[in-house]
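As structure tokens, the structure follows; a few thoughts come after it.
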Amino acid sequence: MIRVQQEDFDVAEELRQMRAANPAIGALVSFVGLVRDLNEGNAISCMMLEHYPGMTEKSLLQIVVAAQQRWPLLAVRVVHRIGPLVPCDQIVLVAVACAHRGDAFAACEFIMDYLKTKAPFWKKEQTPAGSHWVDARETDGRAAARWEN
Amino acid sequence: MIRVQQEDFDVAEELRQMRAANPAIGALVSFVGLVRDLNEGNAISCMMLEHYPGMTEKSLLQIVVAAQQRWPLLAVRVVHRIGPLVPCDQIVLVAVACAHRGDAFAACEFIMDYLKTKAPFWKKEQTPAGSHWVDARETDGRAAARWEN
Amino acid sequence: MKCQILYFARMREVFATPAEEVALPDSVRTIADLLNWLRARGEPWCSELAAGKTFRVALNQEMASLDQILTDAAEVAIFPPVTGG
Amino acid sequence: MKCQILYFARMREVFATPAEEVALPDSVRTIADLLNWLRARGEPWCSELAAGKTFRVALNQEMASLDQILTDAAEVAIFPPVTGG
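Protein chains in written order, with the numbering used here: chain A, 1 to 149; chain B, 1 to 149; chain C, 1 to 85; chain D, 1 to 85.
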């Protein structure tokens, strides 16, 4: 259900496994995060994704369990890559299957918002001016905070 | 960008075309609607999807244009099937690519909510007790109404 | 004035036709007039298009309100609330 | 008391190590005490862990607050705010 890996992932195969002929699923929402070639004005040639082995998996599981307690989820998939990535590479997949679309959209966005603010991953970007650690974005904090009620 | 067709669609291929090596895309949100084997208590053996050729495409285009005016979309795909479908079949794909995830989630859900209430498609379900036309759901009206401000 | 009327889903089944070409008298100017003219045919129009029934009307492939004016050679469609997606 | 301290991202680079094993005096009981003990080493701990700096601390792989009590053989991690996804 949850994987942290250096290799790329195949969205179609992940969705196929989630559906696995379960006819109770009416809605499948997926999010794929991709490396952009420009971030806050910096041209990105590549990036390095570091994480905290052990805590990462634990933290992602807690986020998924929180989503499961909040919405009736029939299947969930979270795959996050680590290591060196270049523009257009896939970084993360979050996919959620439910009976109804409202639940699937909400749960998928909830998991992404918490992943962004709670899961111990860090990005270091390589630009023509050198490399730097990406700063946490205030908008990500606000996005996660709106689920807190 | 918009297609109405009897044949099944390949989500992976649609997403691949949307990404098309565009390194400005940071977020790709997709929704797939599937036929369930149970709807409001009725066991579904198959369903027939009817539409209004001409108006359907026009109406979907208006919905996509409204989304484009509201969010900075880098790519959009809407594929809706018609004809006979059975449980686990794919009905509809709505996929949206943006720089940032908040826009992509909102635009994808906006398009689905309007598609559900504005696009001229009708479902007739076959159950053990016979066939019947599906009634419009009040929750779909409310889902679309929340975008009106 | 001539008009093409299309019926979809339950309407198509109840009226037993997907479409008809109608020649309307001059007194029929709006969508509301057209509905009254259809109701005057008796059953099943009379019941299916009764004021309390829920149905939608499109004029030239755009959702229309009752007071909209018909144009010559207009394409009018009458159908139940949509249920796609 | 013994403790394993892990550093990630910028912290790992600035402190030039991904991890260290420390033997703490009895006076170090909480996360706050541990941070003070590290700051007392001088640079770069002193600047990087200064009160105005933004960093996070996890205790045994759970996000921790300053007043949490350290346990023997605890795994403490110090890192910048996360930026995955």
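C-beta: ideal position from N, C-alpha, C; glycine also.
| query | result |
| --- | --- |
| Nearest neighbour of V86 of chain A, chosen from A:S30, A:I44, A:K58 [CA to CA] | A:I44 |
| Proximity to E13 of chain C [Cα-Cα], best of C:E62, C:S65, C:W45, C:I69 | C:W45 |
| Supposed close pair Q90 of chain A, F9 of chain A - CB separation, criterion 8 angstroms | 6 angstroms |
| Alpha carbon of G33 of chain B to alpha carbon of H80 of chain B, nearest angstrom | 9 angstroms |
| Contacting residues, own chain, Cβ-Cβ under 7 angstroms from H100 of chain B (five flanking each side not counted) | G26, A27 |
| Cross-chain neighbours of R19 of chain A in chain B, by beta carbon under 8 angstroms | L34, C88 |
| K53 of chain C in three-state terms, based on DSSP | coil |
| Three-way DSSP call (helix, strand, coil) for A106 of chain B in this model | helix |
| The region 74-84 of chain C contacting the region 53-61 of chain C, beta-carbon criterion three pairs below 8 angstroms | yes |
| Exposure of D72 of chain D, with buried meaning 16 or more beta-carbon neighbours within 10 Å | exposed |
| Three-pair Cβ contact test at 8 angstroms for the region 59-73 of chain B versus the region 112-121 of chain B | yes |
| Supposed close pair R10 of chain C, W133 of chain B - CB separation, criterion 8 angstroms | 5 angstroms |
| Cα-Cα separation between G102 of chain B and L74 of chain B, rounded to whole angstroms | 14 angstroms |
| C-beta atoms of I63 of chain A and V4 of chain A nearer than 8 angstroms | no |
| Residue(s) in a DSSP beta bridge with A43 of chain A | A:L38 |
| Buried versus exposed, by CB contacts within 10 Å (16 or more), Q68 of chain B | exposed |
| A12 of chain A versus V65 of chain B - alpha carbon distance | 28 angstroms |
| Local Cβ density within 10 Å of I5 of chain C, reported as buried at 16 or more and exposed below that | buried |
| Beta bridge counterpart(s) of P84 of chain B as assigned by DSSP | B:M48 |
| Beta bridge counterpart(s) of G130 of chain A as assigned by DSSP | A:T127 |
| Residues in the region 127-138 of chain A having any Cβ partner in chain B nearer than 7 angstroms | none |
| Chain A within 8 angstroms of R76 of chain B, Cβ atoms only | Looking at the sequence provided, one finds Val at residue 76 of chain B rather than Arg. Closer than 8 angstroms: no. |
| Whole runs of the beta strand (DSSP E) within the region 24-74 of chain C, excluding any shorter than 3 residues | 56-59 |
| Cβ separation of C3 of chain C and L70 of chain C, assumed to be a contact under 8 angstroms, to the nearest whole Å | 6 angstroms |
| Unbroken beta strand (DSSP E) run spanning A95 of chain B, endpoints | 90-98 |
| Chain B within 8 angstroms of G26 of chain A, Cβ atoms only | yes |
| Length of the line joining the Cα atoms of R29 of chain C and A64 of chain C | 14 angstroms |
| 8 angstroms Cβ cutoff, W122 of chain B in contact with chain C | yes |
| I63 of chain B, DSSP secondary structure in three states | helix |
| Inter-residue spacing [alpha-carbon to alpha-carbon] between N39 of chain A and G84 of chain D | 14 angstroms |
| Close-in-space but distant-in-sequence residues of the same chain around D26 of chain C (CB under 8 angstroms, 5 per side omitted) | M1 |
| Burial state of D135 of chain B, where buried means 16 or more other Cβ atoms lie within 10 Å | exposed |
| Members of the region 48-61 of chain C near chain B, C-beta cut-off 7 angstroms | A58, Q61 |
| Closest residue to A95 of chain A among A:E14, A:A20, A:G130 (Cα-Cα distance) | A:E14 |
| Minimum Cβ-Cβ distance from V29 of chain B to chain C less than 8 angstroms | no |
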